[in-house]
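Chains as they are written, first to last, in the numbering used here: chain V, -7 to 287; chain L, 82 to 415.
Just so you know, even glycine gets a beta-carbon here, dropped at the ideal spot from N, CA and C.
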Amino acid sequence: MDTVKTKKVRDVRELSYWGSVFYRLRKNKMAMVSIVVLALIVLACVLVPMLSPYSYFVTNTDNKQMPPSVEHPLGTDDLGRDLLTRFFYAGRISLGIALIVVVLECIVGVIMGGVAGYYGGLVDAAIMRLCEMFMSFPFLMFVITVRALFGNSLVVLVAVLVLLTWPSVARIVRGQILALREQEYMQACEALGISDFRRIFRHLLPNVLAYVIVYATLGMASVILTETALSFLGLGVAPPTPTWGTLIQEARSRIVLVQRWWYWIPPGLGISVSVMCFNLIGDGLRDALDPKMKR
Amino acid sequence: MNNTAVKQETLLEVKGLTKYFPIQAGVFHKTVGHVKAVDDVSFTVKRGKTMGLVGESGCGKSTTGRVLLRLLEPTAGEVSFAGNDVFKADKRQLQRLRTQMQIIFQDPYSSLNPRLPVREIVGEAMLQHGIASGRRDMNERVIEVIGKCGLFPEQASRYPHQFSGGQRQRICIARALAVNPEFVVCDEAVSALDVSIQSQIINLLKDMQDEMGLTYLFISHDLSVVKFISDDVGVMYLGQIVEYGGKQQIFENPAHPYTEALLSAAPSFDPKARNNKKRIIMEGDVPSPANPPPGCRFHTRCPFAKDMCKEIVPENKELEPGHFVMCHKAHGLL
Ligand SMILES: Nc1ncnc2c1ncn2[C@@H]1O[C@H](COP(=O)(O)OP(=O)(O)OP(=O)(O)O)[C@@H](O)[C@H]1O
Ligand SMILES: [Mg+2]
């Protein structure tokens, strides 16, 4: 027994649940590379006001449509603004929107799904009908209508995205809780007199949270893509606030596409690289959170 | 305490235990009927003994076990455990009873949380009830109890998926025994296992019974297992115990046609017994417990049924000391 206690933690089987999750995640090279790449992008986006001498919105028509140079590594746009600076400011907005939307939809979804699954009966029926209602909204029509009614501020965009996505989370959580309640280990908990607190925080939540974390990571990718699509259609954030989607939208003409790659390649890369990173991390987490996976 | 003598005899006394599940239908979940899963069941279990509960699928065996432990709320009835009224226990008394009455489930897969290591699964209740004074103490106690159940100390850190079905059932037994219970409901505890593993687990249960003075309610549909482990046997049919008695009485001198039918349906490896045995074949399926037949519940399938059986519910009469039967024929009324 003493040998067990004093032995250094090296074997994955010696680790706690979350310890073993990180252990397995660390072994996933793709996920680790994605985390590093994403961390660099986020860091640059956060620090851009300190790193860049340019403003993202002050125009300078003397300096417009410049090709890449030493002063402007990615050139300038039609209004003479530094594109590299705008790229990182756009990243802030795009990633920021995605983060806020995902956090809010998960909070709303976990609460609604948890209540529905835990209490069941009429509460469950009511919440599920509400979910179905939101999920059956025609997405673009809804966005256009809301914009017409409330304007096109960031808050409205976030609200719309949260409103349309929380039902997926609620359904996952409800399904999990219903399935878990039937598990005999939850009944064993009751027979052993385990407190509600332990039952919720040690048995229910970790099992539900695993799914929510994976969903949230993949959800980041899908919100980035949705925001891009809306911006591209002119339904996104209003100028001069840049997002990766609006940067691409500004590069929509044929001449720009053919002759000025520095307009659209960087935001395109920004979107696809971060979406890919989120997807790889999500997959890595899914595997790492499953205790049946050995490595 | 002048009733200590009685206490030592009877550990668990069940009187008129009844559990109806409402059948709900429509948008407003209106109750349109009841599944009479357990209907007026009475029996006693003696301290240190094993009572077997047999019967076909759906006859209410598991429900009986779960209501006893208050995992389900009873519809009616009374359960007295070592002098305590289980159904009237308040929160604090119930927590105490939780350490005295335990259950082992059938499915060794869904009965262990896949996200916790064995140490936590087995030790959690020790911390909850203050049996272990801290994590270090818990660890030592866990290693001791899993050792008794045939697992090694280093396996305490493993997760359930790293074990075989039989080993998982050992973990389940360790978890139940971790709180030092007096009474354990084994609900089909070996039914999901290979025959060779079954005997190992049954022997483990027997050893633990001898060592800790446990009392078992052993639920199974496997007559040979029940015959091996039980002292007394109750035979359940459609929510009722139709015959109850000592193992000898039930297996060698069955009085209820249903018991005879179950025994003759069970494979026998003794050729002499096979030839001597009169075979009773039941007709048809088990009727729905939502709408049990009037009179004797078994009359729709009983080869001896007469008009009387269709109308009058048989009494639960004691044929010989300790041998109770609910059957007009056995009572000599047909
Ligand atoms: N939660 C429930 N809600 C409604 N009906 C139930 C519920 N649990 C059990 N029943 C019904 O009660 C009856 C008895 O079920 P129970 O599980 O006690 O049978 P059993 O004898 O243990 O059968 P098995 O051998 O299949 O485990 C069955 O008809 C079952 O459908
Ligand atoms: Mg059962």
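8 Å CB neighbourhood of residue i in its chain, flanking five on each side removed
i	result
Thr112/L	Pro103, Ile104, Gln105
Ser61/V	Gly67
Pro195/L	Tyr240, Pro241, His242
Own chain partners of residue i with C-beta closer than 6 Å, once the 5 adjacent residues on each side are dropped
i	result
Thr77/V	Ser44, Tyr46, Tyr48
Cys383/L	Pro338
Ala280/V	Val13, Arg16, Leu17
Arg287/V	Note that Arg287/V scores 42 on pLDDT, short of 50, meaning its location in the model is unreliable and no value can be drawn from it.
Phe270/V	Thr209, Met212, Ala213
Asp116/V	Ala108
Glu97/V	Val154, Thr157, Trp158, Val161
Rounded separation between residue i and residue j - CA only
i	j	result
Tyr339/L	Phe233/L	45 Å
Leu35/V	Pro41/V	11 Å
Lys391/L	Thr381/L	8 Å
Val212/L	Asn199/V	Here residue 212/L turns out to be Ile, not Val, going by the sequence shown. Between Ile212/L and Asn199/V, the C-alpha separation is close to 27 Å.
Lys21/V	Ser266/V	16 Å
Lys96/L	Val95/V	54 Å
Ser245/V	Val93/V	31 Å
Leu87/V	Tyr190/L	41 Å
Gly260/V	Thr238/V	11 Å
Asn261/L	Leu295/L	9 Å
Glu90/L	Ala257/L	23 Å
Thr131/L	Asp171/L	28 Å
Arg217/L	Val265/L	27 Å
Lys59/L	Pro368/L	As shown, chain L starts at 82 and ends at 415. That puts residue 59/L outside it, with no answer to give.
Glu94/L	Tyr325/L	14 Å
Asn397/L	Phe405/L	6 Å
Val147/V	Thr99/L	58 Å
Met(-7)/V	Gln236/L	Residue placement at Met(-7)/V cannot be trusted, given a pLDDT of 43 that sits under 50; what the coordinates show is reported in the next sentence. Cα to Cα, Met(-7)/V sits roughly 12 Å from Gln236/L.
Met82/L	Tyr240/L	Caution applies to Met82/L, whose pLDDT of 44 falls short of 50 and renders its modelled position unreliable; the value that the coordinates give is listed next. Distance between the alpha carbons of Met82/L and Tyr240/L: 47 Å.
Gly112/V	Leu414/L	50 Å
Ile186/V	Ala180/V	9 Å
Glu39/L	Ser26/V	Not covered by the structure: residue 39/L. The range shown for chain L is 82 to 415.
Ser161/L	Pro155/L	13 Å
Lys229/L	Ser245/L	18 Å
Leu217/V	Asn144/V	18 Å
Val150/V	Val226/L	54 Å
Partners in chain L for residue i, counting only beta-carbon separations shorter than 7 Å
i	result
Glu182/V	Leu152
Arg244/V	What Arg244/V touches in chain L: nothing, since even the nearest Cβ is about 49 Å away.
Glu176/V	Phe186, Asp188, Ser191, Ser192
Beta-bridge partners of residue i, as assigned by DSSP
i	result
Ile104/L	Gly114/L
Glu324/L	Val316/L, Val406/L
Ile300/L	Leu134/L, Asp268/L
Val93/V	BP columns for Val93/V are empty, so no partner.
Asn165/L	Phe162/L
Leu93/L	Val126/L, Phe162/L
Glu399/L	Phe405/L
Asp279/V	DSSP, once it has assigned bridges, lists no residue as partnering Asp279/V.
Asp74/V	Thr68/V
Gln183/L	Val265/L
Leu98/L	Val122/L
Ala157/L	Thr99/L
Same chain, Cβ closer than 7 Å to residue i, neighbours up to 5 away in sequence not counted
i	result
Asn84/L	In this prediction, Asn84/L scores a pLDDT of 49, lower than 50, which makes its location untrustworthy; the coordinate-derived value is nonetheless stated afterwards. Around Asn84/L: no qualifying Cβ.
Thr(-5)/V	In this predicted model, Thr(-5)/V has a pLDDT of only 46, less than 50, meaning its place in the structure is not dependable enough to derive any value.
Ile322/L	Val122, Phe124, Gly315, Val316
Asn165/L	Gln174, Leu178
Phe309/L	Ile283
Lys0/V	Bear in mind that a pLDDT of 48 at Lys0/V, under 50, signals an unreliable position, so the number given afterwards is only what the model happens to contain. Excluding residues within five positions, none has a Cβ falling inside 7 Å.
Neighbour list for residue i in chain V, Cβ cutoff strictly below 7 Å
i	result
Val260/L	Leu184
Partner residues on chain L for residue i, Cβ-Cβ distance less than 8 Å
i	result
Arg18/V	Chain L residues near Arg18/V: none, gap ~18 Å exceeds 8 Å.
Partners in chain L for residue i, counting only beta-carbon separations shorter than 9 Å
i	result
Gln179/V	Arg147, Leu152, Ile184, Phe186, Ser192
Under 8 Å from the C-beta of residue i: neighbouring residues of chain V
i	result
His110/L	Gly113, Leu114
Closer than 9 Å at the beta carbon, the chain V residues around residue i
i	result
His412/L	What His412/L touches in chain V: nothing, since even the nearest Cβ is about 39 Å away.
Contact test: residue i Cβ vs ligand 4 heavy atom, cutoff 6 Å
i	result
Ser143/L	Annotation note on ligand 4: not contained in the displayed structure, which lists ligand 1 and ligand 2 as its ligands.
Near-chain V residues of the segment 194 to 207 of chain L - C-beta to any C-beta below 9 Å: Of all residues in the segment 194 to 207 of chain L, those with a C-beta nearer than 9 Å to a C-beta of chain V are Asn194, Pro195, Arg196, Leu197, Pro198, Glu201, Ile202, Glu205, Ala206, reading in chain order.
Give me the subset of the segment 278 to 310 of chain L whose CB atoms are less than 8 Å from a CB atom of chain V, sorted by chain position. Per Cβ criterion, the list is empty.
Residues of the segment 97 to 116 of chain V with a CB closer than 8 Å to any CB of chain L: list them in chain order, please. Correct list: Gly113, Leu114.
Give the residues from the segment 159 to 181 of chain L that approach chain V closer than 9 Å (Cβ to any Cβ), ordered along the chain. Using a CB distance below 9 Å, the part of the segment 159 to 181 of chain L facing chain V consists of Leu175, Gln176, Arg177, Leu178, Arg179, Thr180, ordered along the chain.
Listed from N- to C-terminal order along the chain, which residues in the segment 188 to 212 of chain V have their beta-carbon within a distance smaller than 9 Å of any beta-carbon of chain L? Along the segment 188 to 212 of chain V, going in chain order, the ones with a CB nearer than 9 Å to a CB of chain L are Arg190, Arg194, His195, Pro198, Asn199, Ala202.
Residues of the segment 245 to 257 of chain L in Cβ contact with chain V at a cutoff of 9 Å, in chain order, please. So the close ones are Cys253, Arg256, Ala257.
Listed in chain order, which residues of the segment 207 to 218 of chain L have Cβ atoms closer than 8 Å to some Cβ of chain V? Hits within the stretch, in order: Gln209, His210.
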